[in-house]
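Following: one structure in structure tokens, then a few remarks.
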Amino acid sequence: MRYQFPENFMWGGASSGPQSEGGSCEGRKAPNEWDYWFSINPERFYNNVGPSRTSDFYHKYKEYIKMMKEAGVKSYRTSIQWSRVILNREGEVNPEGIQFYHKVIDALREAGIEPMLCLHHFDLPYYWVEKGGFENRDIVEAYTHFASVCFQEFGKKVTYWTTFNEPIIIPETGYFYQRHYPAVCDAQRAVNVGYHIQLSSSCAVREFKRLGMPGKIGIVINLTPSYCENPQDEKDVQASKTVDLIFNRSFLDPSVLGVYPKELKELLDSENLTVPVKEGDLDIIRQNTVDYLGVNYYHPRRVKARVTPFEGPLMPDKYFEPYTFAGQKMNTSRGWEIYEPAVYDIAMNIKENYGNLPWYISENGMGIMDEEQFMDAEGMVQDDYRIEFIKGHLKYLHKAIEEGANCFGYHLWAPFDCWSWSNAYKNRYGLLRVDITDGCKITMKKSGKWFYTLSDTNGFDE
Ligand code: BGP
Numbered sequence: 152m153r154y155q156f157p158e159n160f161m162w163g164g165a166s167s168g169p170q171s172e173g174g175s176c177e178g179r180k181a182p183n184e185w186d187y188w189f190s191i192n193p194e195r196f197y198n199n200v201g202p203s204r205t206s207d208f209y210h211k212y213k214e215y216i217k218m219m220k221e222a223g224v225k226s227y228r229t230s231i232q233w234s235r236v237i238l239n240r241e242g243e244v245n246p247e248g249i250q251f252y253h254k255v256i257d258a259l260r261e262a263g264i265e266p267m268l269c270l271h272h273f274d275l276p277y278y279w280v281e282k283g284g285f286e287n288r289d290i291v292e293a294y295t296h297f298a299s300v301c302f303q304e305f306g307k308k309v310t311y312w313t314t315f316n317e318p319i320i321i322p323e324t325g326y327f328y329q330r331h332y333p334a335v336c337d338a339q340r341a342v343n344v345g346y347h348i349q350l351s352s353s354c355a356v357r358e359f360k361r362l363g364m365p366g367k368i369g370i371v372i373n374l375t376p377s378y379c380e381n382p383q384d385e386k387d388v389q390a391s392k393t394v395d396l397i398f399n400r401s402f403l404d405p406s407v408l409g410v411y412p413k414e415l416k417e418l419l420d421s422e423n424l425t426v427p428v429k430e431g432d433l434d435i436i437r438q439n440t441v442d443y444l445g446v447n448y449y450h451p452r453r454v455k456a457r458v459t460p461f462e463g464p465l466m467p468d469k470y471f472e473p474y475t476f477a478g479q480k481m482n483t484s485r486g487w488e489i490y491e492p493a494v495y496d497i498a499m500n501i502k503e504n505y506g507n508l509p510w511y512i513s514e515n516g517m518g519i520m521d522e523e524q525f526m527d528a529e530g531m532v533q534d535d536y537r538i539e540f541i542k543g544h545l546k547y548l549h550k551a552i553e554e555g556a557n558c559f560g561y562h563l564w565a566p567f568d569c570w571s572w573s574n575a576y577k578n579r580y581g582l583l584r585v586d587i588t589d590g591c592k593i594t595m596k597k598s599g600k601w602f603y604t605l606s607d608t609n610g611f612d613e
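Position 247, counted from 1, in the sequence shown is what this note's numbering calls 398; the numbers after and before it change by one each time, with no gaps.
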């Protein structure tokens with residue numbers, strides 16, 4: 152069967168500034184939270200590889216762009232590092248940082264690759280970290296200033312903008328699960344952080360409109376559908392609804408519909424958590440919804456009602472327990488379940504509950520350990536597993552589009568191997584291999600050749 156996608160469907164890839172650029176002390180870039188965290192806790196990073204060594208896009212961007220084109224990447228989302236563009240809390244602009252991103256955008260355009268720019272991908276400048284980061288309301292104005300500088304500098308060359316990548320990850324992993332800095336567990340601080348991020352995003356949308364920018368502005372949300380163990384059991388169903396509320400709807404509803412779910416407010420009230428809303432905030436959120444949505448999808452969440460008592464400081468886990476089942480299809484390198492039908496469920500949710508606004512898969516991909524083992528005699532990684540992974544998800548996306556989903560693209564994470572935060576280079580995601588032991592030499596993988604045909608012919612046969 153042929154899976155043919157709509158005309159002008161955007162086939163591309165996603166990465167981010169902090170995960171690809173390297174050069175973290177060059178071009179007057181200010182340190183960000185990752186530079187700082189690595190400086191005090193290098194042992195938390197796989198093989199002690201920190202953010203200064205990430206794939207060297209800073210120096211080799213022309214080569215990466217040439218190779219991405221050869222792998223069929225027609226649109227590319229990366230992020231502008233706030234710490235490269237704004238030097239301090241006073242908002243001083245760094246001309247060297249601005250120049251770098253101009254050069255990247257121009258090189259992408261010359262190669263016929265559509266640039267898509269994100270303004271925040273987990274990379275808070277350290278000068279804000281030391282003032283409490285998103286816990287501090289002053290950051291809303293500072294972020295809006297940064298966004299405004301970027302819109303005015305690059306707005307004539309860039310159509311697709313993104314305010315935040317996976318905003319929930321910041322409170323979730325920094326203020327509950329301790330995988331990002333400041334690695335604490337504090338529900339009230341998490342709520343403050345989450346709220347100020349949403350307000351920042353809405354203020355950036357407002358600024359985009361105020362400036363009369365010609366492009367479109369969206370947000371990238373990691374939608375992780377929750378499936379309960381027993382759909383006949385009311386408690387299991389409730390657990391999955393609560394999980395959906397916390398991890399998906401907390402940013403999806405205000406960003407797309409302009410309002411927070413009332414059930415979320417009830418949940419926070421029941422835990423005596425307060426949201427630091429000031430007069431006028433909710434109007435800003437209501438009036439500044441996004442033009443389009445990016446959806447990052449990697450794995451589902453399997454939940455059931457708690458059977459063991461919850462102990463310890465308040466966490467989302469108070470409301471659910473995970474479950475596993477025999478025959479679960481896993482990517483054992485990353486420890487994530489592979490469940491392709493979720494793509495269809497996400498599409499139908501957007502269609503039915505979020506006005507079928509335009510959206511695209513902004514990230515989906517498969518991280519694999521020790522990929523060298525799959526190299527053939529010529530040194531090409533034979534990553535058939537990645538091709539199968541992509542196809543599996545595209546089949547469900549195709550079905551959803553045939554049923555009216557308003558999806559305009561598919562971006563793989565990632566076009567080239569890049570740095571995975573504290574996992575550093577443990578798992579490789581790219582269509583292109585990057586050898587960090589050999590000057591970040593870039594080579595094509597089998598999946599890169601396959602992706603070229605996919606994007607060139609706008610579909611695949613199976
Ligand atoms: C997403 C992030 C990316 C990327 C990806 C893969 O959540 O937006 O930055 O890292 O996940 O996950 P990981 O790198 O943790 O394996």
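Where is the CB? At the ideal position from N, CA and C, for every residue including glycine.
If you reduce the DSSP assignment to three classes, tell me which class residue 255 lands in. helix
Under the rule that 16 or more other beta-carbon atoms within 10 Å means buried, what is residue 257, buried or exposed? exposed
Excluding the five sequence neighbours on either side, which residues of its own chain have a C-beta within less than 7 angstroms of the C-beta of residue 327, listed in chain order? 336, 341, 466 and 467
Classification of residue 362 by the beta-carbon crowding that lies within 10 angstroms, buried from 16 upward: exposed
In chain order, which beta strand (DSSP E) runs of at least 3 residues are fully inside the region 465–533? 510–514
State the DSSP-derived secondary structure class of residue 272, mapped to helix, strand or coil. coil
CB-CB length for residue 441 against residue 516, believed under 8 angstroms: Going by Cβ atoms, the distance from residue 441 to residue 516 rounds to 23 angstroms, so no, they are not a contact pair.
Sequence-distant residues of the same chain with beta carbon closer than 8 angstroms to residue 277, five excluded per side: 181, 182, 183, 184, 186, 187 and 234
In the region 192–225, which residue ranges form an unbroken alpha helix (DSSP H) of at least 4 residues, counting only runs that do not cross its ends? 208–221
Here's the rule: buried if 16 or more other CB atoms are within 10 angstroms of the residue's CB, otherwise exposed. What is residue 461? exposed
So, helix, strand or coil for residue 184, using DSSP? helix
Going by Cα to Cα distance, which pick from 558, 483, 590 and 359 is closest to residue 294? 359
CB of residue 485 to nearest heavy atom of the ligand BGP: below 7 angstroms? yes
Bridge partners for residue 165 per DSSP, in chain order? 228
Check this for me: beta carbons of residue 297 and residue 270, under 8 angstroms apart or not? yes
Please specify which runs of the alpha helix (DSSP H), each continuous and at least 4 residues long, are wholly inside the region 328–355, giving them in chain order. none
Residue 481 versus residue 512: straight-line alpha-carbon distance, rounded: 21 angstroms
Tell me the DSSP secondary structure of residue 377 in three-state form. strand
With the cut-off set at 8 angstroms, would you say residue 573 and residue 196 are in Cβ contact? yes
Residue range of the unbroken beta strand (DSSP E) whose run includes residue 562: 558–563
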